[in-house]
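Residue numbers (the numbering used here), protein chains in the order written: chain A, 371 to 871; chain B, 371 to 871.
Below: the structure, in structure tokens.
Number of protein chains: 2
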Amino acid sequence: MLQNKLDSFKEAMRRVADINYSSAVLQWDQEVYMPEYGSAARARQLATLAGIAHRESTSAELGTLMNELLASDDIKDKDRRNLLEAKRNYDEKLKYPEEFVVKMSRTVSEAFNAWQDARKKNDFNSYAPFLEKLVELKWQECELLGYGAHPYDALIDQYEHGTTKADLDKLFDDVKTRLVPFVRTILEQDKPDDAFLYKHYNKDVQWNYGLKLLKQMGYDFKSGRQDISTHPFTTNFSARDVRVTTRISENDLGEMIWSCIHEGGHALYEQGLPDEDYGLPSGEYLSLGIHESQSRLWENNVGRSYDFWEHNYPALQDLYPENLSKVGVEEFYKAINKVQASLIRTSADELTYHMHVLIRYEIETLLMEKQITVKDLPHYWNSKYKEYLGIDVPDDTKGVLQDVHWSHGSFGYFPTYSIGSFYAAQFFNKAMEDIPGLKSDIRSGNLMNLKKWLNQNIHVYGRQYTADELCLKVTGESLNLNHFLNYARFKYEGLYEQLGV
Amino acid sequence: MLQNKLDSFKEAMRRVADINYSSAVLQWDQEVYMPEYGSAARARQLATLAGIAHRESTSAELGTLMNELLASDDIKDKDRRNLLEAKRNYDEKLKYPEEFVVKMSRTVSEAFNAWQDARKKNDFNSYAPFLEKLVELKWQECELLGYGAHPYDALIDQYEHGTTKADLDKLFDDVKTRLVPFVRTILEQDKPDDAFLYKHYNKDVQWNYGLKLLKQMGYDFKSGRQDISTHPFTTNFSARDVRVTTRISENDLGEMIWSCIHEGGHALYEQGLPDEDYGLPSGEYLSLGIHESQSRLWENNVGRSYDFWEHNYPALQDLYPENLSKVGVEEFYKAINKVQASLIRTSADELTYHMHVLIRYEIETLLMEKQITVKDLPHYWNSKYKEYLGIDVPDDTKGVLQDVHWSHGSFGYFPTYSIGSFYAAQFFNKAMEDIPGLKSDIRSGNLMNLKKWLNQNIHVYGRQYTADELCLKVTGESLNLNHFLNYARFKYEGLYEQLGV
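Pasting the structure below:
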């Protein structure tokens, strides 16, 4: 009887997953292959599926079933963790009145269109009224969800459950007082020459090289595939169908290389989730921060390391002798780790990146605390870029209009990018401790021990724990910026011997 | 009030279409891009969507709404036709008990797997028990649906509404007494040399040539795209997203050319349906026979005509000078119209094709009339191939196991292939009458007048009429084999001057 109920619960969860993964297929297709005029019908189809998924995932039967199961002492361990987490998600979804969901969805659509338009025309003012409506709705959302000390807690919790504004304040305080001064010292050094990265690189050759990198990481092409899209992303329709996309620029070699490795890291996480737990929390990723830790670990800790390129650079040289035959691996390594104050977050190096995130975090918390208004955003944006990165923002398109997130109503999302990088450093340190000879593994192109370690220590648990619980379980301590700082110091002191930092 | 109800009806229909088109995206992906291990989750996802679509399309609310609307005299013309057709589909779906649907779905899955296996191993006996179960269920289905003179009426009606076994008996009797003797005479003639079609043809060059053919037909690439799949097909997710697939053989030029043109014909139909009627009968294809008439018209009446190749052949010669420079357009035309008795339906020429269909029609009606059993199928298959085509079937893989249809539970489907070709000839005749200079249009590569004629006379009506009503409306008479016979005689008498038929 209890087993029957448990089976019914799992099947109900899997049905919702079926619908959501179906939407994911439609979204993947939309980004990758859909013809231009297909978009109107596609929007309808996605909206209908979203409505059905919402209805099924908030059904009274499902709520009753979960309550009955949770009342039994015989539901233990993973089953109990799955039920608790599913019930938490269920209760959260129930907090949204349908009217609010519809209004939010419509407002997001309008704001997104207005953002695209404003970005093209460099016209923040045309976008501001739409963003104002959206901010108003986000305030309402905070009230609907409820929160502890600060409304922003309700927002960050959706992406990084268990993390509060207090946690983030502490973390970004650390970033400001410890990372920012370090990065400033580096920004003062002479820059390595990286002009050769921007010569002409044939696209087909790049494509094939990217596939080889994914294979080397252990990405399983029988459970996935790579395609081209404007913005690289990873999506999945089960742990056995995890797809990545990349973009290739003929005049910027790095774009393909690090989008492949970054998305490959995300994909290994999804491929490493337990397929038998399809549709259950234990079969799904933990949080955005943990997801990003997997992509960043591969992109930066591995993919921008000297060891990695000692193995991989000769083959790359052979593919592009006209560009690279006279560039040694040391020179290549320096170039791909050039640190430079810049305007655009997505193309920032691994150090200044966190200043881009810090700026967004400071601005969006001010906005959610009602200390500034939407109209103030460009001013705060520009002055913070001056303050933290010492650069002038020439126009809003390269400034406050550059990110899609706010137009999607995603406030509280940006911090997960930094959290991910910091987790990555902490996990990678632990992997170095746990795996004898990992450094020389990487130097010889063997990445399988690292992949296995991530599978066994992180991926396999899905969302059975909070990020903090997982971090404690894996590394013996909570998130600690020291790991990232030590990684950065060690790496960049080597790169800038004269640094004296 | 009435308008509100009408809007609700349309929206309910469109929601069902959203779900079904979502399934179509998942199926397209499955055939074209899905990685190998993705299939288990995909099967789940498709089953869940099918269940939801069934639930929504048979809801009591929808039934009540349609009855209320149909009771009003103010519902007229297209609205009334849409309601009548939607109600007919609704009533038909209600005839299926859920238990039966589940059992059928499971039996089809098993039979399909058994068929794939049996075909590989040339082992009909291993498949027979599964097919027997399926035939048993199809008999039950006939009883559930109800029928007039013959159970088979219920089956054919699902593909070609309004057509009965009596109609088909009459049609295929005509085929037997008029077309078969004509084809036999042709089979006795000397065959043209077509060896050059099987030389080596570079795949990429073929691909690009195929795209040009589609463009020439007026296929809109902003509302569609072409990809590669094992079995070419057309699918659509709205009239603005209609996709075709093709296959390319490096040693058989014809495979790509006629799959492109054939699927292109299907696609022009779907792109020509009124997009504003998305989800309503008037926005959907009429019947399989009418769909096939569009593909066959382009494939055969246009794509295998001398006029078409007089324009297109020189460009093809330029692409493959090593194979074609010494082959004149006359020789090419004869080769692509070679008539030959063969074992496999899908690669048959446009004349013997109908003998393949006739054989299947005769066998499946015997089976549904319980005059033969599944075990008798190979015997009847082989003896009818001897009787109609004069050839021996060497094994069941090239015989009774060649088609997927029966393993899918599709009985009554095959006749629509012949019906489609016969409609094609009749429509094309009318187009020749209606469009001044169509022949010289085609000879100069201008296919737009023909496309427009099909758009305006056939596509635009969707499923507002039955096939017979449409045929009468367009050509002034019901389906009449004379048009196909005259087309065949005129064409093949020219090809075989000595024929004297």
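Glycine included, each C-beta is placed from N, C-alpha and C at the ideal position.
- Within the segment 497-577 of chain A, the complete alpha helix (DSSP H) runs of at least 4 residues fall at 521-529, 535-544, 550-557.
- Where residue 615/B is concerned, the enclosing beta strand (DSSP E) starts and stops at 611-616.
- Residue-level contact check: residue 593/A touches chain B, since one or more beta carbons of chain B fall below 8 Å from its beta carbon.
- Contact of residue 627/A with chain B by beta-carbon distance below 7 Å is absent, the smallest such distance being about 23 Å.
- Looking at 531/B, 567/B, 667/B, the one whose alpha-carbon comes closest to that of residue 697/B is 567/B.
- As DSSP reads the structure, residue 598/B sits in a beta bridge with 616/B.
- Within the segment 802-828 of chain A, no residue has its Cβ closer than 8 Å to any Cβ of chain B.
- Below 8 Å, enough C-beta pairs join the segment 780-800 of chain A and the segment 844-858 of chain A to call them touching: three or more.
- Between residue 589/B and the set 640/B, 550/B, 674/B, the nearest pair of CA atoms involves 640/B.
- The segment 576-587 of chain A and the segment 552-564 of chain A do not touch, with fewer than 3 CB-CB distances between them shorter than 8 Å.
- Going by C-alpha positions, residue 771/A is about 8 Å away from residue 488/A.
- Assignment of alpha helix (DSSP H) within the segment 758-835 of chain B, counting only whole runs of 4 or more residues, yields 785-804, 808-813, 818-827 in chain order.
- Taking a cut-off of 8 Å for Cβ pairs, the segment 543-563 of chain B and the segment 589-603 of chain B do not touch, as fewer than three such pairs fall below it.
- Not a single CB atom of chain A sits nearer than 8 Å to the CB of residue 377/B.
- In the structure shown, residue 663/B falls within a helical segment according to DSSP collapsed to helix, strand and coil.
- At a Cβ-Cβ threshold of 8 Å, residue 573/B and residue 526/B do not count as neighbours.
- Straight through space, the alpha carbons of residue 411/B and residue 472/A are spaced by roughly 30 Å.
- Under the DSSP assignment, residue 428/A falls outside any beta strand (DSSP E); it carries neither an H nor an E label.
- For the segment 414-440 of chain A, the set of residues with a beta-carbon nearer than 7 Å to any beta-carbon of chain B comprises 414, 415, 418, 419, 422, in chain order.
- Residues of the segment 598-625 of chain A with a C-beta less than 9 Å from any C-beta of chain B: 607, 608, 609, 610, 611, 612, 613, listed in chain order.
- Contacts with chain B (Cβ-Cβ distance below 8 Å) from the segment 378-389 of chain A involve 384, 385, 388, 389, listed in chain order.
- Per DSSP, residue 604/B is one residue of the beta strand (DSSP E) stretching across 604-608.
- For residue 398/B, the enclosing alpha helix (DSSP H) starts and ends at 372-402.
- Taking 8 Å as the CB threshold, residue 665/A stays off the interface with chain B.
- If you draw a straight line from the Cα of residue 819/B to the Cα of residue 661/B, it is about 19 Å long.
- Any Cβ of chain A closer than 8 Å to the Cβ of residue 399/B would place that residue at the interface, and such an atom is present.
- In the structure shown, the three-state DSSP call for residue 493/B is coil.
- DSSP lists 619/B as the bridge partner or partners of residue 622/B.
- Residue environment analysis places residue 717/A among the exposed positions, since fewer than 16 neighbouring C-beta atoms fall within 10 angstroms of its C-beta.
- The DSSP-derived three-state label of residue 672/A is helix.
- In the same chain as residue 752/A, and ignoring 5 residues on each side of it, the C-beta atoms closer than 7 Å to its own belong to 763, 769, in chain order.
- The closest CA to that of residue 622/B, considering only 413/B, 636/B, 570/B, is found on 570/B.
- Excluding the 5 residues flanking it on each side, residue 628/A has same chain C-beta neighbours closer than 7 Å at 669, 673, in chain order.
- Shown here is that no member of the segment 703-734 of chain B has a Cβ falling below 7 Å from a Cβ of chain A.
- Against chain A, the CB of residue 408/B has a partner CB under 8 Å away; the residue lies at that interface.
- Here the segment 447-460 of chain B makes contact with the segment 634-652 of chain B; the two share three or more CB pairs at distances below 8 Å.
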